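Only one structure is covered here, and it is reproduced in the block below.
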Amino acid sequence: FNWMMQLLLLALVTAVGSAQPRSARARTDLLNVCMNAKHHKTQPSPKDELYGQKKNACCTTNTSQELHKDTSRLYNFNWDHCGKTEPACKCHFIQDTCL
């Protein structure tokens, strides 16, 4: 059993040691990707018209405006379907949806 553990440890150390670290550019590129979703862009970009995502928005202006309505046509969703949604909670979910 002991030799098996040593062999597994050796395999783990070899795998971790041979992994190549990502460059700073590769890590940055990962941040410049939007979700593959119906109402998102492929890459984030500045949008002055958007609420809360002016510098790096994945939502189009139309998507952001629709999300701020009480009943959105995007997903046929009513924010108050379980009672009145608090403004801070609604803001959080809009930002989460619009990343």
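Letter 84 of the sequence shown, counting from 1, is numbered 84 in UniProt numbering, and no numbers are missing.
For glycine and all other residues, C-beta sits at the position ideal for the given N, C-alpha and C.
This one's a predicted model, so the numbers in the text were calculated from it and none came from an experiment.
Identity of the residue in the options nearest residue i by Cα
i: residue 31; options: 8, 9, 75 and 55; result: 55
i: residue 68; options: 93, 10, 8 and 3; result: 93
i: residue 97; options: 5, 75, 12 and 81; result: 75
i: residue 91; options: 81, 82, 64 and 83; result: 64
Neighbour-count burial assignment, residue i, 16 or more Cβ in a 10 Å radius
i: residue 42; result: exposed
i: residue 40; result: buried
i: residue 87; result: exposed
i: residue 61; result: exposed
i: residue 71; result: exposed
Secondary structure of residue i, DSSP reduced to three states
i: residue 78; result: strand
i: residue 41; result: strand
i: residue 97; result: helix
i: residue 71; result: strand
i: residue 89; result: helix
Own chain, CB closer than 7 Å to residue i, minus 5 neighbours either side, in chain order
i: residue 73; result: 66
i: residue 44; result: 32, 34, 56, 57 and 58
Same chain, Cβ closer than 8 Å to residue i, neighbours up to 5 away in sequence not counted
i: residue 46; result: 54, 55, 56 and 57
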